[in-house]
Structure formats: C-alpha cells, structure tokens
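Structure record follows, encoded as structure tokens.
There are 4 protein chains.
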Amino acid sequence: MTTVAILTGGGDCPGLNAVIRAVVRTGAKHGFDAVGIRDGWHGLVAGNVEPLTDYSVTGILPKGGTILGTSRTNPFKNEADVQRLRDNIRKFGIDAIVAIGGEDTLGVANKLSKMGIPVVGVPKTIDNDVGATDYTFGFDTAVAIVTEAIDRLHTTAESHHRVMVVEVMGRHAGWIATVAGIAGGADEILIPEIPFDLDVVTHHLRLRYERGKKFSIVVVAEGAQPKGMAEAIAQSARTDEFGHVTLGGVGNYLRDELEKRLDMEVRVTVLGHIQRGGSPTAHDRVLATRFGVAAADLIKEKDFGKMVALRGNDIVAVPIEEAVANLKTVDMDLYKIASIFYGG
Amino acid sequence: MTTVAILTGGGDCPGLNAVIRAVVRTGAKHGFDAVGIRDGWHGLVAGNVEPLTDYSVTGILPKGGTILGTSRTNPFKNEADVQRLRDNIRKFGIDAIVAIGGEDTLGVANKLSKMGIPVVGVPKTIDNDVGATDYTFGFDTAVAIVTEAIDRLHTTAESHHRVMVVEVMGRHAGWIATVAGIAGGADEILIPEIPFDLDVVTHHLRLRYERGKKFSIVVVAEGAQPKGMAEAIAQSARTDEFGHVTLGGVGNYLRDELEKRLDMEVRVTVLGHIQRGGSPTAHDRVLATRFGVAAADLIKEKDFGKMVALRGNDIVAVPIEEAVANLKTVDMDLYKIASIFYGG
Amino acid sequence: MTTVAILTGGGDCPGLNAVIRAVVRTGAKHGFDAVGIRDGWHGLVAGNVEPLTDYSVTGILPKGGTILGTSRTNPFKNEADVQRLRDNIRKFGIDAIVAIGGEDTLGVANKLSKMGIPVVGVPKTIDNDVGATDYTFGFDTAVAIVTEAIDRLHTTAESHHRVMVVEVMGRHAGWIATVAGIAGGADEILIPEIPFDLDVVTHHLRLRYERGKKFSIVVVAEGAQPKGMAEAIAQSARTDEFGHVTLGGVGNYLRDELEKRLDMEVRVTVLGHIQRGGSPTAHDRVLATRFGVAAADLIKEKDFGKMVALRGNDIVAVPIEEAVANLKTVDMDLYKIASIFYGG
Amino acid sequence: MTTVAILTGGGDCPGLNAVIRAVVRTGAKHGFDAVGIRDGWHGLVAGNVEPLTDYSVTGILPKGGTILGTSRTNPFKNEADVQRLRDNIRKFGIDAIVAIGGEDTLGVANKLSKMGIPVVGVPKTIDNDVGATDYTFGFDTAVAIVTEAIDRLHTTAESHHRVMVVEVMGRHAGWIATVAGIAGGADEILIPEIPFDLDVVTHHLRLRYERGKKFSIVVVAEGAQPKGMAEAIAQSARTDEFGHVTLGGVGNYLRDELEKRLDMEVRVTVLGHIQRGGSPTAHDRVLATRFGVAAADLIKEKDFGKMVALRGNDIVAVPIEEAVANLKTVDMDLYKIASIFYGG
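Chains as they are written, first to last, in full-length UniProt numbering: chain A, 1 to 344; chain B, 1 to 344; chain C, 1 to 344; chain D, 1 to 344.
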C-alpha cells in the first residue's frame, strides 16, 4: 500500500481544500492511503501527521482556507529539522508527498526531491505570479472579490463625485489589479511592472471630469510604485509577513497626492485579507480539483520532482525547479486593454 | 398640480434610489409632478433642479448610491444661500420637499420647516443611530457586507491560527459591529457605547486558544475606545469628513496591543467604503420603498414638518425635530447575546 | 446536571444550525448538558440520540440545513411509538426538549407538553406564516434568494421584451411573493390570500407595454389561484410532501393564459428547492440565535410549554398551543404597496 | 469617418453589454462612429438604428442582458427583408457591422459577408458549444449560478437524506453540467454526449448510501437522454423557442425513475432562465471586453468575414464560416474527472 502525505504551506488560498479532496479521492481509486501533515513543513518536522479518509474530505470542496492548517516554516534553516523531517517520513511510512504551496513551499519540495524524497508539487499563489503555470487557483476568487468591491465603490463614487482608490494584492505582479480592474471598469490601473507617473494619472482623471464623468476608480496593486519615488512610499509603509504593504502604503500615498493635484475628494480602500478568504469560485474549484487529480496521477506513475501546471486548457507536469525559478508578470497585451478605457 | 422636489444629503447609502422611486411613483398616483434637486441642499441653492418622471426612476430600485447625487452643504452657514434657496423654491414652483438624509440634512429640513416651507423628512443613516426610528435602510445591507467579510476572514484565520481584527463603521453607535458580529460569530465585539478593557479581551481570546480554538475574530466599531486611553487612539487617528477614523484607528491600535499580549499573529482589516456601496438587500429595498410611499402620502395629507419612521412593523410619522434630537445607541440586551459566545 | 435534548423537524430552513448552536452554548453557561436527537421526532422514537458539545456546534452558524437531520415523523400516529419516545426520554436522562419546527413538529410538542413532558418550542417556517410570531428565521434568506432571481430575470426579460413569471414558495400565505416582489420591483404579485383576476393582470401588463416598458415580471406564490378556477390548476398540478405545487402548477397556468391574452412571449421559472438552501442571511442568523438563547433561558426558568416568538423587536414567550392555532396571512397594507407600482 | 453598427442576436447572455461597450470605446480610439441596431437582424430590416456614444455605454459593463435588445429574426427567410436590410445599410451609412450572436446570428452574418457586406462576428453561446473558440462569455456566469444552486441544494439534501436532481442548460453539449457539476461536487453528471444508463446511476447512488452518505446530487443537462429511451422523455417534454426542454423534461423523468429504483426521496429542480440572467462574472466581463476590443481592431484592419475567438490565452480571428460549422462537445478528459468522485 502506498501512503501519500499531503501538506499546504504559505498563505492560505481558496481552493486548497479542493486540491486535498481530489488527491485523497483520486488516491483512493489508485489504492493509496492518505495522511495529512499539519501546518505545512512544520508538521513534518514535528511529527504532526494524521490519517485522511474519504470522510475527512467530505464537504470541504466549497470551503475556503485549508483543513490541514498552514505555516511558513522552512526546515532547511536548521540542520536538525531536516533530520527530524526525514525520520518522520520513515516513521509514518510516507511513500510520497504532495506539497501544495508557493515559491517557498515548493523551494523546500525541490530540495527534498533532490535529496531523493518522492515529492510532487501543486502551485498555489493567489497573485497568479508563478512562472510555470498559466493560472493558479485562488486567483479567480480574489479577482471576483475585488471586482465586487469595485462595483460597490462605483455607486458611492458616483453619488459623491469622488475619486476612489482601491489597493489590492500584488506585491511583485499586478495580475489581480489588471484583471479585476478591467472587469470593474477601472479608470486607471497601476501595477508593479510599470512605475506610474502621477501627472499621467491626473491627466486621465481630469479628462474624465471634463467630459462630465465626475467620479473615477483607480485600482492599484500594493507593489506599484511611482517613477523615481519608491522611497516616498517605503517610508510610510509597514509590511506584513508576506512583505505585503498593509498601512501607509501606495493606496494612501495616491490618495494624498491625487487630492493635492485634483480639486476632488479622494478616498482609499485597502481590501486586505478578505481577498484570500471564503468559498472558491466554480472556476477555482475546478482548476484545484484538476491539479489534485493530476498530482495523484503523477504519484501513480512515480513521476516525482514534478509540479502540475495549467498550459492553455491542459494540465501538464513540469520540473518543480522550473516553477520556482520564474516570476510571471502581467501580460502586457492584457494590460493595454485597460488603457483603452482611460480618460473616457 | 403639486410639484414635489426630492433631494438626498449626507453620505450615500443603499436604498436611497428605492426611496426616490417610491416618492415619484406614489406621487404620480396622487397627481404630483416630481423634480429632483442635485447634490443635496447645494442643488437647491444653486438652482440645480431637473424633472423626474416615471422613466427617470425605471430600473433604479436595485441600484446603490443616489441618482440625484449628494453633498454635505448646509445653506444656513450663509445668509445669502438661504435666500437663494427660497428664491429657487419659488422659481421652480416647488410645493413640497422630500429631504432624505441624516442628522445634518434633516437639521436643515427642520429649520426650513419652521420657516414655513413644506418639508417631509426620510431618515437615512447606515449606522442605524437615528433616534426616532427602529431601523433605517442601508443598515441591513452594511450588516450583510460585514458578515460576508467576517465569513471570509474565518477561513483564513483558522488556516493560519490567527486573530483577525475587523474594523467596521459606527462612530457613535455600535449597531453594525453588534449585529454583524453576532451574525458572523465574532469572538469579541467592541462598540463605542462601552469602553473596552484589553485585559478582558485578551482573557477571552486566551480561553478560546486553551480550548483548542486557535483563532479568533474581533469586530470593532471605529468609534470604540479603550478604557481611559481614548487619547492613545486619537493620536494615531485620521478622520474623514464624517469624522470616521480611517487610518491608524482603533483597529490598528488593537492589532498592536493584542500582539503584545498574546503569543499569536494578529491581523487587521479596515472595511471602509465598501460597507456603504452596492445593491441594497431585499430588506432595505422594502423598507426604503415603504418610507418613500409614506413620505408621498404625508404630502398628500399636507402633514408637513414630519419624518417617516419605523416602529415595530409599522411606518409612522414623527416630528422631524424629534428625530434629530436623539442618538440611538445599541440595545444592551442584544449586545449581551454576543457575550454568551465569548471565550468558547 | 440538566440534560437538554434538541431536535429539528419538518422542512429544512436556513438558521436551524444557528438555533442549535445558541441553545448548546447558552445551555453551557447555564450548566446544561446537551444531546441531539436525529431526524426530528423519529430519532426520539428510535433512540437515535447523541451528545452535543461545544465542538459539535463550532463553525455551524453560517451553514444551511440542520446538522441533526430532519423528518416529518408524527409519533402520535402510533401508540407504541409514543411509549418508545417516553422510554427514550427516561433512558437518555432527558430533562427538557427544545423542539424546532413548524405546525406539525410543534403540534407534537404541544401534545407532549400536555402529557407533562418539559418542552420548549422554537418556530420554524420559511413561509413566515406561523401566527404567534412577527417573523421567523429562514424567511429573510428565502426572500433574498428570490429577489436575486428576480434581478437576474429582469435583464433577460428586458432584452427579449418578455413577460417572466416567477413561481415562489407560499402555499397558504404569500409572504415570500409579497416581500420579494416589492424588493424585486415586480409588476404584479399574486398570493393565496386574494384569488386573482386574469383580466386585471392582463390590463396591468398591457398598460406597461403601451407606456414603452416592453417587459414585465409577475411573481406568483405557489398557492395563488384564479377567481373561480381553482380546479383548472388543480388538474395539472402535482404536489410534493409539503403539499407544494411543483409541476404544472400556477406558474405554468399563468404562462399559458397570459400568452393567449397578450401578444408577447411569456416564460415561467419555478424556483423550487433553492429557496430553502444555503447560508442564512445575517438577519436570519441573528434572529435564530436570539430564539436559541431565549429557548435555553426558558429551560433555565423551567417555563415549559412555551414557544419563543418575535414581537416588534422583542423576543417573548407564548404558549405553544397559541402558535399552532393560527395561520398568519400577508399584511394587506404591505401588499397594497406593491400595487402602487403596477401598470407603470 | 467609419460608421460601425452593432447588433446582438439570439438568447441573451451575461457579457453582451461588455462587448458593446468595448466595441464603442475602442472604435472611438480608432476614430469610428458607432450606431446600435435594435433587436438583432430585425432592427436592420426595420431601420431601427440609433447612435451609440460613449455616454450610451457608460455603466453597462456590469449589467446583464443587452441594451440593444435581441431577437431571432432571420432576414433570409424573406427576399424582401434582405433588400430592406441592404437599403438600411446604405441609408444609415453603415461601413461595417459587428454581429454578436450564436449559430443563427452568425449564420446570417456569414451570408451577408459572402454578399460583400463588411461584417465581423463575436461568438455568443451560454452553452459554450461554438466550435471555433475555447470559451465564450456568459458560460462562466452560468456555471457560477448553477454551482451556487448546487451548494444550496447540498444543505437541504443532507438534512432530508434526499437525492436532488438539478436540470441545467445544455441541449447539445453538457459543458454547464460538467463544469458546474465538478465545482459543486455532484455525485453524478449526465450530459447529451453520452446516453446514460439508469442502472449505473442507481448503482453509484446506492454505493454512496451504503457508505453512510445518505444524500446525493445529480446534475443533468437538459439534452441528456437515457440509453435507448429518448422517446420516453420526448413524450413528456415541451420545448421553448431554443428547443430547450422546459417541462416534463429529463429532470422529471430522472426523479420518477430514481424514486422507483431507490428507497429514497428524490426531488428535482429545473434552474431555467436564471442561468442566463444577472451581472456577468469578472471572468466573463474580461473575455467579453477582449472580444469587443478585438472586433473593433479587425474593423480597423478591414479584416472582414472573421469572427474573434479565444485559443488558449490568446484572442485570434477565424473565418465566421468555420465557427458556424462545428458544435463543440464536452472534453472527455474533463468529464472523466467527475467520475472519480462517483459512488464515494
């Protein structure tokens, strides 16, 4: 009997439970037993491992978060931890590990794989910035939440003739800002990939005002920065454990600067943690399920050291190493679509 | 022919359009013509008045915000403005005014009424703190939005074993915090009516942790304050034009203080403007429609100087003066219900 | 130690879990133990009883349905079943029963109470037609679901210049049709309380068409009937175990008749079971929680044979008998509000 | 100045307004004037054409349906109509037509193109069954609505230990059933592509029951048929103008047959028109916007007779002819994923 251990690492993300369920259920068809590792790599170091049956995963498909818990523990920071981890793999009779996580979690998976431990990776990033896959689950849910928020802000912006700035997730890549911004009809979208020019932004908003549209929506990724003024933001910023700017960040900077330049009220909303919570969209549940099925299939084929990925409409397997190597920034053809609607 | 003028003042609120529609449509049955005043009292001073037909209000029932625009203009700050306002009432042949707004807007309505201008008031406060009515439209929608946010934060709190602090609207009264907190299963609810004790809050959260519930949700109204430490918050706070704390407020204060006291990660989310945006709930559409119908009926009966209000399940008319006088704070029997669930 | 048994009977309803949670948690404060009876009265006959701890009710507040299961078993249909039920009350050491249900479930509770068994009732009816309480939980959620459906149908009706008929729950009372109809801006609302006249309905829809509004929404409660033609519907109808018309019912009848009378496409949507599913609204979670708290308090006070109820904004206790006696039909003042918007 | 005429034909679909907006706004950048043709090809025959400005399309991005109206008129059924259509193209100075529609609407576009009229096509099918494009807008929204309905039905199915049958759109292809079924955790998915065997379905549901899962969800596309028994359904069926089964269809057939075979309650819900109504998802808004931008770009490049299409993540242009030729049935690799979860 093959025993498959599953863990989730890094920030939580809608769809994690759908992956876990799909690995367990597909594994059962392949004749695997499943165990769950609590709280990411930490649980494998600590020996916090429990059986996962069909009943453990009943009803979890629509649930946000992860029933396994998560952490950011990196066992390679401590030699003894790596040994404990190896001991626990033996102790619990683990034949293969499915590691669901982002850059950090998969980085550990990659090292373990090179040490000969049978690992399969499933990419997780709500920001959609993992290089080796076209899309990751959780992203569509985050986009849906942000778009709904923009819809809400539209009515209040219009009633008060205001500029509303919405700060969304995206430290290194502006995928959420771009896609939700287009979906929400944003009048300006600012992303980390392209330092912004306040004069250009101001010009667009003024154009709209002069055409009688006395309100505007500006969507800004938390990692966006003004040209040559990255320091200005950095000073007022605080960052959380993801390096995400949480207070005094670019949203507040924009509010202050736009109010100076425009004779309009400007308000800022920092969406924060609600972007990663709650039930996944249908799209994300299906993608996560497909990833989980494919991960179990890789184990059946003993095709280790690979990560599942979406290419076009197909699920493929790529070396974990490849996945960790590249940041995927926003498609500029997509980003340009947003600008068609600026100033109008 | 009676000409009824309608205006919306103060912060926008889901349900304003439902009131406007109901006044116009009920007025048409009574044989009234309707005109819309743009941007609150400002539009009556500036002569910004337009016809409102059945077609103007078609399709607006489910829309957030106000098709008439809004402002915080107080014409009584300027003698000349009051004269302009009176001139415009004559110029546009206005026989009665329906003023939809909160304390400030209705305060102006009250003064005009005393000057002999035929005015009818409709109470509007998303915070539910107007004294003369049991409930106001917009409140149920805000509660629904906050509850959905708490649901989302639950999944992420649980996955990461975190305390999540959610700062919601409510400067003078904690209605949104209390009702959404109970609906969302909050583990602590802090409101302006009762200065909070950090030691007690910490005790509740520790109790939960020790019982194996390694995450908690704290809902705090923006106007809540710690015992004897109101200054601490005031220093780091910024307020918007409603006096709402927007940055560095009580949510961030709590995050910092709880992290010091607990050996847990604490995160804060400030919900902000999304609480007042978007399509009203069915409940608010019905209440707003009932208010609009009742306002038009008051005009038919030439019963001026009154405001419509909800008492139990009935719509009644009360003197506008009464409405403006009293702040309605949270029902303590309701608030106590929340505490049954603390620490468990 | 007092042992409190909880059961849910009849059709499921959003908010049942919130009641169960509130009884268990409030009971714990009062020093009670809690047990759950599976599948309504059936479980008490069959001895299907299990402990309910704080952990059993963790996370259930936002969940639809009932964790205890439900059935329509009436033990009084069988003498032996009543004896088994009494034996099981003794066997499991049950000191008090909280029965959450509608007319049938509370009817059994009433009989048991008269036999000296300590029972407390919590009213449950998604149709809002229980006489002794102003509102019941589940109703607001059903109204929200129906209103959202009407919003969706508006866009398709308008695009295709169609009449859309929406059949909703409400066999004996038209509460859902009335409240959701007003909230959704229905152009005609038909309820069981008032037999409808097809000529009047047709007249209203034609008026709209002639005014350039080339689409209409008709909301009809499943129990509504045309004047003097109840037989026509009955012939084509099928009913489910609630007596709810599910196929060939009044919606289809209206579709056929309106198409004959109008030169327009008419489509029908029968909303069915989705009206009682899913997460309760914030409003229903709070009402259900208040009911559960009050039920536990009644037990503490040994005030048996009573049912909790909402009167205005207060929770009160009324004899169960009273609750079962009266059907609460739609408030005609509310219903008349809808007609203000007909034909316009 | 180039004048671009836009029309929408066939059944309405969330995202049509997003396409219209994108064509108008992108066209403005290219220096085009835009006019709207009312109610599909009918409006071009009748000369029902109106200017479309930037202001006409303000605020329509999140709105369902189509501001232009729609119809199923085929001008080629009548020689004189084709002549009127050509006359109107000249009369209104139309230089190019953007036809947004399905098989029928694009079929007309194809014929007009062959007659030398400059036409560009945008594919629209909520069923996702147009051959030349990977996905069409509206499909993701329909899937989201169906998934939400399945989530709701889960709670009621579980509480009552029932089998719930959900009949969804999909006459020729089972895309909605497959994707929403996987997302909703359906225990059986039946589609037109594969005639179903009632014994197999019954076997799966019994397996679940025996494993203690006393409820099941069956999702069935309206066009699904039992092996060798297509007639049975046909007899009891009624079809609407799309050929969609609306009453007595496969859902009811399944309910009856499964109740005979299983000792369980079976209930059916026919979702109907709500599947195509309401605000498009973020995903559909973006896809529709990309289609609209690409259509305007094709006109700029005078690349007529083409239809925009999604291939992988790219928008491409394909001959309209190709699009109309092929029905795209469900990807069998995707469909098989669903079966992993059957019986468990």
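Backbone N, C-alpha and C define an ideal beta-carbon position, used for all residues, glycine too.
Bridge partner(s) assigned by DSSP for residue i
i, result
"B/Leu327", "B/Val130"
"B/Thr269", "B/Val166"
"B/Leu190", "B/Val220"
"B/Ile67", "B/Ile67 is not bridged to any residue."
"D/Ala99", "D/Leu7 and D/Gly121"
"B/Arg311", "B/Asp314"
"A/Pro226", "A/Phe196"
Close Cβ partners of residue i (< 8 Å) along its chain, the five nearest in sequence each way excluded
i, result
"A/Pro319", "Gly305, Lys306 and Met307"
"residue 353 of chain B", "Here chain B comprises residues numbered 1 to 344, so residue 353 of chain B is not present and cannot be evaluated."
"C/His244", "Residue placement at C/His244 cannot be trusted, given a pLDDT of 41 that sits under 50; what the coordinates show is reported in the next sentence. Hits under 8 Å: Met169, Arg171 and Glu222."
"B/Phe242", "The predicted model places B/Phe242 with a pLDDT of 43, which falls under 50 and marks its position as unreliable; any figure quoted below should be read in that light. Gly11 and Arg171, listed in sequence order."
Backbone secondary structure at residue i - three-state DSSP
i, result
"C/Arg152", "helix"
"D/Lys306", "strand"
"B/Ala34", "strand"
"B/Phe341", "coil"
"B/Pro123", "strand"
"B/Arg211", "coil"
"D/Ala183", "helix"
"B/Leu52", "strand"
"A/Leu262", "coil"
"A/Ala288", "helix"
"D/Thr26", "helix"
"D/Pro319", "strand"
"A/Thr281", "coil"
"D/Thr2", "strand"
Rounded separation between residue i and residue j - CA only
i, j, result
"A/Ala296", "A/Met1", "14 Å"
"A/Ala28", "A/Val119", "18 Å"
"B/Thr3", "B/Ile117", "13 Å"
"B/Ile67", "B/Asn17", "7 Å"
"A/Ile97", "A/Leu7", "8 Å"
"A/Phe139", "A/Asp127", "6 Å"
"C/Cys13", "C/Pro280", "9 Å"
"B/Gly102", "B/Leu310", "15 Å"
"B/Val166", "A/Ile191", "27 Å"
"residue 356 of chain C", "D/Lys336", "This structure cannot settle anything about residue 356 of chain C, because the visible part of chain C is limited to 1 through 344."
"A/Val268", "A/Ile217", "10 Å"
Residues near residue i in its chain [Cβ-Cβ closer than 7 Å; skip 5 each side]
i, result
"D/Asp303", "Ala317"
"A/Leu207", "Gly343"
"C/Ser339", "none"
"D/Ser113", "Val119, Phe304, Gly305 and Ile320"
Neighbourhood of residue i by C-beta distance below 6 Å, restricted to the same chain and skipping five residues each side
i, result
"B/Val266", "Val163, Arg255, Leu258 and Glu259"
"C/Ile94", "Thr3 and Ala5"
"A/Asn326", "Gly131"
"D/His204", "Glu188, Tyr342 and Gly343"
Check your understanding: Closer than 7 Å, Cβ to any Cβ of chain A: which residues of the stretch 272 to 283 of chain B, in chain order?
Key -> Gly272, His273, Ile274, Arg276, Gly277 and Gly278
Check your understanding: Which of the residues in the stretch 60 to 75 of chain C, read from start to end, lie with their CB under 7 Å from any CB of chain B?
Key -> Taking 7 Å as the Cβ-Cβ cut-off, the stretch 60 to 75 of chain C approaches chain B at Leu61 and Pro62, given in chain order.
Review point. Residues in the stretch 166 to 196 of chain C with C-beta within 8 Å of chain D's C-beta atoms, listed in sequence order?
Key: Result list empty, no residue passes.
Check your understanding: Quick one, which residues of the stretch 140 to 164 of chain B are near chain C if we go by CB-CB under 7 Å, in chain order?
Key -> Asp140, Val143, Ala144, Thr147 and Asp151
Check your understanding: Taking Cβ-Cβ distances below 8 Å as the criterion, which residues of the stretch 76 to 102 of chain C are in contact with chain B?
Key -> Close to chain B, meaning a Cβ-Cβ distance shorter than 8 Å, is no residue of the stretch 76 to 102 of chain C at all.
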